[in-house]
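A.B. asks:
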Amino acid sequence: MFCIQPLWSDFKIHWAFVVWLPVILELALKYSKSKAFGFWIKFQCVYGLLLSAVIIFLCHFPLLPLVYEKCTGKTLNPLLDVTNDFYGWSELKNFLKEKNLENEIILGSRYQTVSQAAFALGKISGIAQIPRDIKQKSEWDELGVTSDIGPEWPMLKQSVLYVADNRYNEPPRYTNASCFVLTNFYYRRSVYLAKTITIWKCKDL
0 MFCIQPLWSD
10 FKIHWAFVVW
20 LPVILELALK
30 YSKSKAFGFW
40 IKFQCVYGLL
50 LSAVIIFLCH
60 FPLLPLVYEK
70 CTGKTLNPLL
80 DVTNDFYGWS
90 ELKNFLKEKN
100 LENEIILGSR
110 YQTVSQAAFA
120 LGKISGIAQI
130 PRDIKQKSEW
140 DELGVTSDIG
150 PEWPMLKQSV
160 LYVADNRYNE
170 PPRYTNASCF
180 VLTNFYYRRS
190 VYLAKTITIW
200 KCKDL
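For the sequence shown, numbering that gives the first Met the number 0 assigns the number 0 to the initial residue and increments by one for each residue that follows.
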């Protein structure tokens, strides 16, 4: 996990959670039988439950932008509220169905956006991250719709849809291709903007 995995993929510290969590749980079980740690065990339980409740609440109600607006008089940048990432993508499926674009190939330049699109559409076929680097080469299907998979922007062999959102909003830059915006989705939680999703149509010139 710590020494070998970074050789072929990006490494994030929190990915090691699966390694040290069992150790933490074992220590907790060991010291839970000790009276000396009785107060701190109860404190941690209460703290954990309260934190979980706050996180669940924030995922369902736009409390952060409300508090920020009341305190500063300004609108909170939706990118600063990570709970917004749970919203907006469901509109993608409705749009594609309405426009008879359900069978179109969907591409994106970030794994976050294509993963969200795949989850929202309930499928993984016909969706891929292009361009991508050598570390990401095997993470998506080879769709055969581009001259290469990256890391540079390749040429298109057929028309595709390209998706991005306000967190990863890089526009398509496929070589010798014409791209235009089909639509923008603006999803709001109450009166606060939470997510913007843009869909391009790209064709080979």
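We treat Cβ as the ideally placed atom computed from N, Cα and C, and that holds for glycine.
All values derive from a computational prediction rather than experimental measurement.
(1) Assign residue 19 to one of three DSSP states: helix, strand, or coil.
(2) If you follow the beta strand (DSSP E) that residue 191 is in, where does it begin and where does it stop?
(3) Need the endpoints of the alpha helix (DSSP H) that residue 219 sits in, please.
(4) I need the DSSP call for residue 105, collapsed to helix, strand or coil.
(5) What would DSSP say about residue 66, mapped onto helix, strand or coil?
(6) Answer with buried or exposed for residue 201, where buried requires no fewer than 16 other C-beta atoms within 10 angstroms of its C-beta.
(7) Tell me which residue opens and which closes the beta strand (DSSP E) that residue 112 is part of.
(8) Taking only the alpha-carbon atoms, compute the straight-line gap between residue 65 and residue 192 and give it to the nearest angstrom.
(9) Can you tell me which of the three DSSP states residue 128 falls into?
(10) Is the separation between the beta-carbon of residue 174 and that of residue 139 shorter than 8 Å?
(11) Is it true that the region 127-142 meets the region 68-76, where meeting means three or more beta-carbon pairs spaced less than 8 Å apart?
(12) Does DSSP put residue 80 in a helix, a strand or coil?
(13) List the endpoints of the continuous alpha helix (DSSP H) containing residue 94.
(14) Name the two residues that bound the continuous beta strand (DSSP E) containing residue 164.
(15) When DSSP builds the beta bridges, which residues end up paired with residue 145?
(16) Just the C-alpha distance for residue 194 and residue 51, rounded to the nearest angstrom, thanks.
(17) Could you check whether residue 148 and residue 125 sit closer than 8 Å to each other, using their CB atoms as the reference points?
(18) So what's residue 207 in DSSP terms, helix, strand or just coil?
(19) I believe residue 119 touches residue 160 by the beta-carbon criterion, under 8 Å. Please report the beta-carbon distance rounded to the nearest angstrom.
C.D. replies: Concretely, from the data shown:
(1) As a first step, residue 19 is located in the sequence shown; it is residue number 20 there, counting from the start. Of the three classes helix, strand and coil, the one that applies to residue 19 here is helix, per DSSP.
(2) Reading the sequence shown from its first residue, position 192 is the one you call residue 191. Counting along the chain, the beta strand (DSSP E) containing residue 191 begins and ends at 191-203.
(3) Any answer about residue 219 is impossible in this case: the structure gives the chain only from 0 up to 204.
(4) For the purposes of this step, residue 105 is taken as residue 106 along the sequence shown, with counting starting at 1. Reduced to three states, the DSSP call for residue 105 is strand.
(5) Locating residue 66 in the sequence shown gives position 67, where the first residue counts as 1. Looking at residue 66 - three-state DSSP - the assignment turns out to be helix.
(6) Reading the sequence shown from its first residue, position 202 is the one you call residue 201. It counts as buried.
(7) As a first step, residue 112 must be located in the sequence shown, where it is residue number 113. Counting along the chain, residue 112 falls outside any beta strand (DSSP E), though it belongs to the alpha helix (DSSP H) covering 110-120.
(8) Translated into positions along the sequence shown, residue 65 becomes position 66. Translated into positions along the sequence shown, residue 192 becomes position 193. In a straight line, the C-alpha of residue 65 is about 11 Å away from that of residue 192.
(9) On the sequence shown, residue 128 is found 129 positions in, with the first residue counted as 1. Note: residue 128 maps to strand in three-state DSSP.
(10) Residue 174 sits at position 175 when you count from the first residue of the sequence shown. Residue 139 sits at position 140 when you count from the first residue of the sequence shown. No.
(11) no
(12) If you number the sequence shown from 1, residue 80 lands on position 81. If DSSP states are grouped into helix, strand and coil, residue 80 belongs with coil.
(13) Start at 1 with the first residue of the sequence shown, and residue 94 comes out as number 95. Unbroken alpha helix (DSSP H) run through residue 94: 89-97.
(14) Translated into the one-based positions of the sequence shown, residue 164 becomes position 165. Here the beta strand (DSSP E) through residue 164 covers 159-164.
(15) Working through the sequence shown from its first residue, we reach residue 145 at position 146. According to DSSP, residue 145 bridges with 155.
(16) Residue numbering aside, residue 194 sits at position 195 when the sequence shown is read from its first letter. Residue numbering aside, residue 51 sits at position 52 when the sequence shown is read from its first letter. Near 24 Å, if we compare the C-alpha coordinates of residue 51 and residue 194.
(17) Taking the first residue of the sequence shown as 1, we reach residue 125 at position 126. Taking the first residue of the sequence shown as 1, we reach residue 148 at position 149. No, the Cβ-Cβ distance between residue 125 and residue 148 is not below 8 Å.
(18) Residue coverage of the chain in this structure runs from 0 to 204, which leaves residue 207 outside it and unanswerable.
(19) Locating residue 119 in the sequence shown gives position 120, where the first residue counts as 1. Locating residue 160 in the sequence shown gives position 161, where the first residue counts as 1. The pair is not a contact, with the Cβ atoms about 13 Å apart (cut-off 8 Å).
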